[in-house]
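Undergrad:
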Amino acid sequence: MFDAPEHVKWANIPYDVVVSEAHFALSEKVAKESMVLLKNENETLPLSKDLKSVAIIGPNANSTQALLGNYHGTPNQFILL
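The opening residue of the sequence shown carries number 1 in the UniProt record's numbering; numbering runs sequentially from there.
#1: Cα separation between P5 and P14?
#2: What number of angstroms, rounded off, separates the C-alpha of A61 from the C-alpha of I79?
#3: Which of helix, strand or coil does DSSP assign to V17?
#4: Would DSSP call N40 helix, strand or coil?
#5: Roughly how many whole angstroms lie between the Cα atoms of residue 96 and K52?
#6: Excluding the five sequence neighbours on either side, which residues of its own chain have a C-beta within less than 6 Å of the C-beta of K32, listed in chain order?
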């Protein structure tokens, strides 16, 4: 954003390399390994296996900006769980 592309080593990586199965697998692995449970108030977790759905409610429930924050590239798709 502030530096010229020739000074940013990641600026010349082709999109098909970034959007590859290897990168998807790595990002999924990192996401799974980085999740942290900070507090289990009132023993809410684990959720019952009998649940058919869970409602995510609030102003940021469907906000990709809230999901990604302000430091991200251009994703090829969004997956909200």
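C-beta: ideal position from N, C-alpha, C; glycine also.
TA: According to the structure shown:
#1: 13 Å
#2: 13 Å
#3: helix
#4: coil
#5: Residue 96 lies beyond the stretch modelled for the chain, which goes from 1 to 81, so this question has no answer here.
#6: none
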